[in-house]
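Going left to right, the sequence shown walks through residues 1 to 478 as full-length UniProt numbering numbers them. Cβ coordinates follow ideal geometry from the N, Cα and C atoms, glycine included.
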Amino acid sequence: MSLSSESSLKQALSPLVASVCSAIESFTDCSSTFSLPSPHFVVAFSGGVDSTVLLHAMVRLRDAGVIHSLSAIHVHHGLSINADSWAEHCEHLCRQWQVPLTVRQVDISEASGDGVEQAARVMRYRVFEECLSEQGCLLQGHHRDDQAETLLFRLFRGSGLDGLAGIPVNRSLGTGQLLRPLLSVSKAAIEAYAAEYQLGHIEDESNTDQRFARNYLRQSLVPEIERRWPGVSERLAALSREVQAVQESMQQAVTAAAESVLVAAPAYWNAGQVIQIDSLLALPDHMAMRVVRYWLKQKGLLMPDRSLLETLLTEVVHCREDAEPEMKLGDYAIRRFSGYLVLVPVLQPFGTAVIEWACEDQPELMVPASGRIVLSDNVARRFKTVSVRFRHNLPESSKIRVAGRQGSKSVKRWLQDYRVPPWLRDRVPFLYFNDEMVCAAGLWQCDSEALNRQGTPLDINAISIVAYWQFDPYEGRY
Numbered sequence: 001m002s003l004s005s006e007s008s009l010k011q012a013l014s015p016l017v018a019s020v021c022s023a024i025e026s027f028t029d030c031s032s033t034f035s036l037p038s039p040h041f042v043v044a045f046s047g048g049v050d051s052t053v054l055l056h057a058m059v060r061l062r063d064a065g066v067i068h069s070l071s072a073i074h075v076h077h078g079l080s081i082n083a084d085s086w087a088e089h090c091e092h093l094c095r096q097w098q099v100p101l102t103v104r105q106v107d108i109s110e111a112s113g114d115g116v117e118q119a120a121r122v123m124r125y126r127v128f129e130e131c132l133s134e135q136g137c138l139l140q141g142h143h144r145d146d147q148a149e150t151l152l153f154r155l156f157r158g159s160g161l162d163g164l165a166g167i168p169v170n171r172s173l174g175t176g177q178l179l180r181p182l183l184s185v186s187k188a189a190i191e192a193y194a195a196e197y198q199l200g201h202i203e204d205e206s207n208t209d210q211r212f213a214r215n216y217l218r219q220s221l222v223p224e225i226e227r228r229w230p231g232v233s234e235r236l237a238a239l240s241r242e243v244q245a246v247q248e249s250m251q252q253a254v255t256a257a258a259e260s261v262l263v264a265a266p267a268y269w270n271a272g273q274v275i276q277i278d279s280l281l282a283l284p285d286h287m288a289m290r291v292v293r294y295w296l297k298q299k300g301l302l303m304p305d306r307s308l309l310e311t312l313l314t315e316v317v318h319c320r321e322d323a324e325p326e327m328k329l330g331d332y333a334i335r336r337f338s339g340y341l342v343l344v345p346v347l348q349p350f351g352t353a354v355i356e357w358a359c360e361d362q363p364e365l366m367v368p369a370s371g372r373i374v375l376s377d378n379v380a381r382r383f384k385t386v387s388v389r390f391r392h393n394l395p396e397s398s399k400i401r402v403a404g405r406q407g408s409k410s411v412k413r414w415l416q417d418y419r420v421p422p423w424l425r426d427r428v429p430f431l432y433f434n435d436e437m438v439c440a441a442g443l444w445q446c447d448s449e450a451l452n453r454q455g456t457p458l459d460i461n462a463i464s465i466v467a468y469w470q471f472d473p474y475e476g477r478y
């Protein structure tokens, strides 16, 4: 049955199922992601009342021929003594409704984030992405009351317009899509549907713990606001839709502004795109903050709130030109260097010992917390064995001459002249032959007797001929 010829079917369905059907119809018609007439739908099934009602509605649509492929996924967080019984409950219902179910157990301790709620969310979405195919669409049971709670939560945290856009109806997720077909449905309607069809569901005891911010909003604050201003959840949801419409029209301006300030960092930084600070300062502050948000989102980071962005502009962007401040964002830091804003991982102290490298047999070397060094075949054959050293391995008083440059300077001065960022200076590999520096990998070639003694001098204008290096903080431990 095609989704475009279901008006009579919708009239026969309950209002809630008809609402789900309309959301799926609208999404499928508008999405250019899927090559199939109907994608494979995967319900995120916790066993709670919201996801139970959603799965039941999807089963009815499957049985009516509206959709053709349906499964469910349950994430076992292991945070409750009842977690095993919840998984068993989900398995029982899926067997009863003939829905294939995947159960994935996760270890919350592996996730980074602020507290248990955030860690569980990170791991949950990681599982969803891993399990979703290109033709897959994950369905979640967020409803209208969730939207109101989210808007209030973000407002209290100091979110800007992006936060007031609330929960999107759909977005990309990994290689697939995410859709929330109950977002226009009230919690009361969901509970009434569950009662009408006598749908058994679990009750997560943590949902009553008001130490969690969202539980406090849901159980204490929102009901009080509703008593004073009835219908506020519906109006907040309407506000969210209006903000989302404004956001869509504004996004083009933000993208254009971002393209004017983003440039590629030098390859060996391994930092992707960085922000030109002079270009950013030419923008109004409100647009500058949006560009920074856009940049961080492109790099996969959680969005900072407005107060944090204001602090970034004040203490990092607007600081004096010769300063090199940084602001930490979880496992990353935004740093200012040489007129750029750069996002880098927070690094631990680096103290690798000297490495003896048989480069003739192995022209590529991975150095933990430094990166990859590659020698061309002719250089590897010429030297056969070199030692790899780092700044902390070098004598403090030693000076070197760089091919094609005037004068003799310390390594520290040369690193500054070559505009190597402070966070990389300890990790730059220096190649030595017979205790004489040959090059700083990826940066310069020394005016070295060792090069000439080993054969025809190398092209001093082609540094990569000697050694290529790219910083990689994730290689090994740091």
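Cutoff 8 Å; reference residue i; Cβ partners in own chain excluding five residues on either side
i: F153; result: A213, R214 and L217
i: S35; result: Note on S35: pLDDT 48, under 50, position unreliable in the model; no value is reported.
i: D209; result: N215
i: L155; result: G163 and L164
Close Cβ partners of residue i (< 7 Å) along its chain, the five nearest in sequence each way excluded
i: M437; result: I400, F430, C446 and S448
i: A271; result: A265, V342, L343 and V344
i: E117; result: F212
i: D285; result: L313
i: V346; result: K328, D331, Y332 and A333
i: H201; result: G47, G48, V49, T52 and A194
i: H392; result: G351 and D426
Among the options, nearest to residue i - alpha-carbon criterion
i: I107; options: P230, E242, V127 and E25; result: Before going further, note that residue 107 is Asp rather than Ile in the sequence given. Closest by alpha carbon: V127.
i: L151; options: R241, P368, C21 and I67; result: R241
i: A441; options: P422, F390 and G404; result: F390
i: I355; options: V428, V367 and L347; result: V367
i: L93; options: F27, V43 and A165; result: V43
i: residue 480; options: Q362, V243 and E226; result: Outside the displayed range of the chain (1 to 478) lies residue 480, so it cannot be described from this structure.
i: Q362; options: T208, T352, V374 and E91; result: V374
i: R372; options: N378, K384, F383 and W357; result: W357
i: L173; options: A188, D209, T352 and S133; result: S133
i: A380; options: C359, Q252 and S71; result: C359
i: P395; options: D435, S71, I275 and A282; result: D435
i: residue 481; options: R95, R104, H143 and D63; result: Outside the shown range of the chain, which is 1 to 478, sits residue 481, and nothing can be said about it.
i: L262; options: Y294, L239 and S249; result: Y294
i: L283; options: V274, A253, Q298 and P39; result: A253
i: S206; options: G78, R171, Q298 and A245; result: G78
i: A403; options: V291, L443 and V292; result: L443
i: E324; options: A23, L178, W423 and R171; result: W423
Beta-carbon spacing of residue i, residue j below 8 Å
i: G47; j: W86; result: yes
i: L61; j: V17; result: yes
i: R121; j: V75; result: no
i: V388; j: L365; result: yes
i: L280; j: A288; result: yes
i: M303; j: E315; result: no
i: Q135; j: I167; result: no
i: W229; j: P421; result: no
i: R157; j: D278; result: no
i: C90; j: F41; result: no
i: C137; j: T102; result: no
i: A165; j: Q247; result: yes
i: E149; j: V59; result: no
i: V292; j: L309; result: yes
i: L54; j: L139; result: yes
i: I73; j: R104; result: yes
Proximal residues to residue i (C-beta, below 6 Å), its chain only, five neighbours per side dropped
i: V169; result: R180 and L183
i: N82; result: none
i: G113; result: Confidence at G113 is low in this model, with a pLDDT of 49, below 50, so the placement of that residue is unreliable and no value is reported for it.
i: S410; result: K399
i: V428; result: A440
i: S80; result: none
i: L13; result: none
i: P15; result: none
i: S408; result: K399 and R401
Next item on the list: Take every Cβ of the segment 319 to 338, pair it with every Cβ of the segment 196 to 210, and state whether three or more of those distances are shorter than 8 Å.
Entry: no
Check: Along the chain, which unbroken stretches of the alpha helix (DSSP H) at least 4 residues long are found entirely within the segment 76 to 102?
Finding: Listed in chain order, the complete alpha helix (DSSP H) runs (minimum 4 residues) inside the segment 76 to 102 are 83 to 97.
Next item on the list: May I ask you to verify whether the segment 186 to 194 touches the segment 306 to 323, counting CB pairs closer than 8 Å and requiring at least 3?
Entry: No, the segment 186 to 194 is not in contact with the segment 306 to 323.
Item checked: the segment 229 to 236 / the segment 246 to 260 touching (three or more Cβ pairs under 8 Å) -> no
Margin query: Could you tell me which whole alpha helix (DSSP H) segments of length 4 or greater appear in the UniProt domain "Lysidine-tRNA(Ile) synthetase C-terminal" (388 to 460)?
Written below: 411 to 417, 422 to 425 and 449 to 453
Notebook entry, point to check: Which runs of the beta strand (DSSP E) fall wholly inside the segment 320 to 397 and span at least 3 residues, in chain order?
Noted result: 326 to 329, 332 to 337, 340 to 345, 355 to 357, 364 to 367, 371 to 374 and 386 to 389
Notebook entry, point to check: Can you list, in chain order, the stretches of the beta strand (DSSP E) that have 3 or more residues and sit fully within the segment 145 to 204?
Noted result: 170 to 173 and 176 to 179
Item checked: Secondary structure, alpha helix (DSSP H): runs of 4+ residues fully inside the segment 212 to 270 -> 213 to 216, 222 to 228 and 232 to 261
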